[in-house]
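Below you'll find the structure, written out as structure tokens, and then a few comments.
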């Protein structure tokens, strides 16, 4: 193995080789794996020193010296001979033959050196000298090439290169003094000018027209932009510092928080038609549309031709579009309640049934799923239309109609052949029932005697009701660029403020309450954007995390200024986009769509000519502006703390209480013979029946996403504890005992009192494990006008009671408290037909 000359000066070796008299060392080779005869004892002890020219014949061991080493530092030369003048001995004949064969034609330039040791792993140096007593360089030898560094272990296994690092590395220059705090144009400009002053001190020009100044300022301008870009990227990396809406949205999604971009408004619109439009179909969202509605402009006509749409928009008209088909009937313009000849008729609060007057010449065509709107047409106090209360308007979804119209096809209807008739006057009528969640929030007066005159139709019913939502459709917009590049494709829609809407399923809406149809969750809203690629639809999604590589789906990301960008898949999460995509979308979003009542007045169509009036008796609702960045920063870090699983009894109870119809719940884990079953005892709001099958199924469906696998769930009813209570009440002078007693029974009833208060024993006032204190009842009784004091003493002959019904007294009156267990609810209906549900008595003394 050769060790090459290490000064990295190859030119000197060539120059010495060409010199007529100078000689020098070319390289040195240590024999290791290839050893001369004599066995392994000679490994790494034979050095072959190659010269540039033939070796002087007089060279011997006195002309060679080896220095260096760490553990082995005294390496001696046993013998040294030119390869062409080996002496026998000390060289054996076998060694002589080996060297002649190994060196071949190079023998004249080789000096063979045998050492007494193989040294260690450090670096040694072999140098030539005049004699054993004179270390001067031999005559005619080059000063630089008279020595060489080598290692005895050069052929030992090693993972590193045998070539050593140069001993003359380049000088490390000091770094220039640069201000790394420079971040803007002026500081970058000053930094470069200061640096130029240091390296080019003769350049003193500072004229803006100078080429040097121009270059400095151009570089400072570019550096300013790059610095801002770096800061912007670092700023968007964290939820707390991000300024871009898209960045905040993605950070929140990582925390399982769904940031919303607002939601459009929905409104119930009533149309009135004449005989020309009777049976006409108002188209919904499926093209061709005929249901574009506008707020009031300077037009008296209800119908506007499509050619006038642009002019109306320039005047500030807001656009609503119908969400489903509606068949229009003249008989549904204004429907009268049938009061059965009652001159003082009223629909009470929480009513869910009514009777409508039918007309044999123009029959009603109502069906379950229709929406009707109740409207107070006249004031119950004065009978005048001008004094009608505009707040007394309410939309309901019908769930039962008798007799019900028959469907001829999907839209056209035929009235029932057997109408219901009042046997007294042969008047046709229709019985309707609406969804319990649409129960009347206030009483509605139907007819009344005012100043001796019977005033009818104080409240009427409006049919031809259609659901519309805010937003204008923009169709046929080609995405730009139309050709998809190889990199990321992020086209922007041309119009800002894309509509965000909750998906509407008309078939599902037909069985939902009317109030549920207009109440929207903005976090469930998606951008109203659809794409088409030569007949292949692309659907919008909230994100592409669940999209496979074949899914034609995309995401709409909205910035703070309302601009919408489209993000497509990468071929793994979502399909890559194709060229030539055509967008159809809607614009209009947020609270600007929450128009007031009677704001909508026009319909844009050239298909239906018999529409005489368009109006919205109720205000549009549900329009919400996009969620602010500050709100997301506040709520997103807490989103993951929301419990999304049910394992323990407390978990199941807490999850069940999230349902809007559940006031409180208690869970009990029981062994049912083969497995554990979680029994959830539900206290339903309003005292409604918990045993109803549809309610139990609803609660099971609600809990299913949270339920622990392998654990059954059963919905149980509370254990109601009926009470038996009797007090003696002293009536104050000047009050009638009967009136005071009536007021007491009303105060301690289970009803909602007309003045807005709840009765003391209203079901929503009591829940699981809630005790009743005697002091509570006494305090409530003392609030009734005419009550002087309440006697609760049960000493004979008094019959005052404060205990559970059907059980002997257990010291409750003395303790002033009736307790109940964790699954028990106190109950006192005071219904004489069902005394087992609780009984309340008052013994009245004094008064009149």
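In the numbering used here, the protein residues as written are 183 to 1030.
For every residue, glycine included, the Cβ atom is placed at its ideal position computed from N, Cα and C.
DSSP lists 865 as the beta-bridge partner residues of residue 846. In summary, residue 290 is exposed, with fewer than 16 beta-carbon neighbours lying within 10 Å of its beta-carbon over all protein chains present. For residue 930, DSSP assigns no beta-bridge partner whatsoever. For residue 627, the beta-bridge partners assigned by DSSP are 528. At a cut-off of 3 residues, the continuous stretches assigned as beta strand (DSSP E) that sit fully inside the segment 650–686 are 654–660. From the listed residues 535, 235, 778, the smallest Cα separation to residue 200 is found for 235. Boundaries of the beta strand (DSSP E) around residue 746: 746–750. By the C-beta density criterion, residue 616 is buried, having at least 16 other C-beta atoms within 10 angstroms. DSSP places residue 972 in the uninterrupted beta strand (DSSP E) bounded by 969–973. One Cα belongs to residue 476, the other to residue 497, and the distance between them is close to 11 Å.
The residue among 376, 948, 829 with its C-alpha nearest the C-alpha of residue 889 is 829. Under the 8 Å Cβ criterion, the segment 763–771 does not count as touching the segment 452–463, having fewer than three qualifying pairs. Spatial neighbours of residue 549 in its own chain (CB-CB distance under 8 Å, excluding positions within 5 residues in sequence) are listed in chain order as 580, 583, 586, 587, 589, 595. The continuous beta strand (DSSP E) containing residue 582 extends over residues 575–584.
Relative to the Cα of residue 908, the nearest Cα in the group 925, 1028, 874, 995 belongs to 995. Note on the segment 462–520: whole alpha helix (DSSP H) runs with a minimum of 4 residues are 491–496, in chain order. For residue 248 and residue 260, the gap between their C-alpha atoms comes out near 11 Å.
With respect to the 8 Å criterion, residue 647 and residue 450 are classified as neighbours on the basis of their beta carbons.
One Cα belongs to residue 264, the other to residue 357, and the distance between them is close to 54 Å. Under the DSSP definition of a beta bridge, residue 332 partners with 306. With a cutoff of 8 Å on beta-carbon distance, residue 296 and residue 227 are scored as near each other. Ranked by Cα distance from residue 374, the first of 355, 352, 406 is 406. For residue 690, the enclosing alpha helix (DSSP H) has its first and last residue at 688–691. When C-alpha distances from residue 257 are compared across 304, 663, 674, the shortest belongs to 304.
Minimum Cα-Cα distance from residue 656 among the listed residues 857, 202, 474, 992 corresponds to 474.
The segment 737–752 makes contact with the segment 677–691; the number of CB pairs closer than 8 Å reaches 3 or more. Per the C-alpha coordinates, the member of 604, 219, 448, 314 positioned closest to residue 278 is 219.
Annotation: residue 827 to residue 837 spans about 8 Å, alpha carbon to alpha carbon. Bridge pairing for residue 250: 306 [DSSP].
Under DSSP, residue 1027 forms a beta bridge with 912. In this structure, residue 793 lies away from residue 834, with their beta-carbon atoms at least 8 Å apart. Excluding residues up to 5 positions away in sequence, 245, 318, 319, 320, 321 lie with their Cβ nearer than 8 Å to the Cβ of residue 312 in the same chain. Residue 507 is positioned such that its CB atom lies no closer than 8 Å to that of residue 621. Nearest Cα to residue 1021 within the set 986, 619, 728: 986. When the beta-carbon positions are compared, residue 749 and residue 677 stay at least 8 Å from each other. Between the segment 694–703 and the segment 441–449, the count of C-beta pairs closer than 8 Å reaches three or more; the two stretches touch.
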